[in-house]
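Okay, so here's the structure we're looking at.
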Amino acid sequence: MSRRFFVGGNWKMNGDKKSLGEIINTLNSAKLDPNTEVVCGAPSIYLDFARSKLDPKIGVAAQNCYKVAKGAFTGEISPAMIKDCGVNWVILGHSERRWVFGETDELIGQKCAHALENGLGVIACIGEKLDEREAGITEKVVNAQTKHFADNVKDWSKVVLAYEPVWAIGTGKTASPAQAQEVHDKLRQWVKANVSAEVGNSVRIIYGGSVTGGTCKELASMADVDGFLVGGAALKPEFVDIINAKQQQSYSAPTWEHLRPIVSRWTPHHQR
């Protein structure tokens, strides 16, 4: 099954109107692979700005939302508010929300359910810490995190799974293409077994963790890597190269000048 390549840029708590305006201008003027879906995750205070400035073909995501529509929850934003800004995606379960702000699997699942009910697409983040990988429990950790999302998803067409090993986020370390493929394949098999074969084949599983212009093409060549969630590099011009990582090089039919040396070798001298 063909899955459309998906590249998300998570700007995190970075930028101002000047610097974000520069990366927006770079994206708007770049030649982006039309077969790749692109979504930029803006700080909540800049959601309106990003949506109004970015080319409409580029999506915008909030970096978080709460589990209810409104109320006395100082500092939070709701899916309804996000939609009111013309934004159609939200990033949930990012490791920084889990490990810096203490969000539990249960809370993240509740947020996911409410976001989907209100029409947002969800970039659902999962991933193990370094000690968990070294202990050999990567599969156990990511499956448990995925289950809390799965328990709260009715329409999988609105969900992108983002595997982000915590030890590779912002560290400069990247999971090797083989390591990423191994986890993505096991995740896909888990979804097939615990949701359905159809969802397992169709859900996009993207990789995040210090993805750069230098590492993206080899990662993109893996069978079960359907795109990226990009941090620091999403604020740089190389983000364009990452978006185009899957783009096939255009095919040029060979010209006579290309063929002449080959033909000459097999043509009798008196006929040349």
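For the sequence shown, position 88 (counting from the first letter as 1) is numbered 88 according to the UniProt record's numbering, and the numbering increases by one without interruption.
For glycine and all other residues, C-beta sits at the position ideal for the given N, C-alpha and C.
I'd like to check one pair, D224 with D185: are the Cβ atoms closer than 9 Å?
yes
Could you tell me which whole beta strand (DSSP E) segments of length 3 or greater appear in the stretch 141 to 217?
Taking only runs of at least 3 residues, the beta strand (DSSP E) segments lying wholly in the stretch 141 to 217 are 159 to 163 and 204 to 208.
Could you give the DSSP three-state label for A233: helix, strand or coil?
helix
How is N10 classed by DSSP in three states: helix, strand or coil?
strand
Option nearest F5 by Cα separation, candidates K236, E96, L219 and L235
L219
Using only alpha-carbon positions, find the residue among L229, L54 and K246 that is nearest to Y163.
Of the candidates L229, L54 and K246, the one whose C-alpha sits nearest the C-alpha of Y163 is L229.
Coil, strand or helix - C65 by DSSP
coil
Which class does A220 belong to by DSSP, given the choice of helix, strand or coil?
helix
Let's see if you can read the secondary structure: which residues bound the beta strand (DSSP E) around C40?
T36 to A42
Just verifying my parser: in three-state terms, what is the DSSP assignment at G121?
If DSSP states are grouped into helix, strand and coil, G121 belongs with the strands.
Mind reading off the beta-carbon distance from G232 to G170? Whole number of angstroms is fine, and I expect it under 8 Å.
7 Å
Any idea what DSSP makes of L32, helix, strand or coil?
coil
Cβ pair count under 8 Å reaching 3, the stretch 235 to 247 against the stretch 146 to 166
Because the criterion of three Cβ pairs below 8 Å is not met, the stretch 235 to 247 and the stretch 146 to 166 do not touch.
Pick out whichever of K192, G200 and Q181 has its Cα sitting closest to the Cα of E221.
It should be noted that the sequence gives Ser, not Glu, for residue 221. With respect to the C-alpha of S221, the residue from K192, G200 and Q181 having the closest C-alpha is Q181.
Exposed or buried, what is N10 when buried is set at 16 or more other beta-carbons lying within 10 Å of its beta-carbon?
Looking at its Cβ environment, which holds 16 or more other Cβ atoms inside 10 Å, N10 is buried.
Residues in its own chain within less than 8 Å of K70 by CB, not counting five upstream and five downstream?
S78 and A80
Look up R265 in the DSSP assignment and say whether it is helix, strand or coil.
Any reading at R265 must be qualified, since the residue scores a pLDDT of 49, below 50, and its modelled position is unreliable; no value is offered.
Thinking C-alpha only, which one of P56, P177 and E198 is nearest G214?
P177
Determine the closest residue to N143 out of D105, C65 and G172, with distance taken between C-alpha atoms.
D105
Check this for me: beta carbons of T146 and L130, under 9 Å apart or not?
The Cβ-Cβ distance between T146 and L130 does not fall below 9 Å.
Considering just the uninterrupted stretch of the alpha helix (DSSP H) at residue 281, what are its terminal residues?
Coverage of the chain is limited to positions 1 through 272, which leaves residue 281 absent and any answer about it impossible.
Tell me the rounded alpha-carbon separation between A72 and K111.
K111 has its alpha-carbon roughly 16 Å from the corresponding atom of A72.
Taking the continuous alpha helix (DSSP H) assigned at L130, which residues delimit it?
L130 to E134
Taking 8 Å as the threshold, find out whether the stretch 119 to 129 comes into contact with the stretch 89 to 101 through three or more Cβ pairs.
yes
Could you check which residue in N35, R133, T74 and G86 has the C-alpha nearest to that of A42?
G86
At which residues does the beta strand (DSSP E) containing L54 begin and terminate?
For L54, there is no enclosing beta strand (DSSP E), as DSSP gives it neither H nor E.
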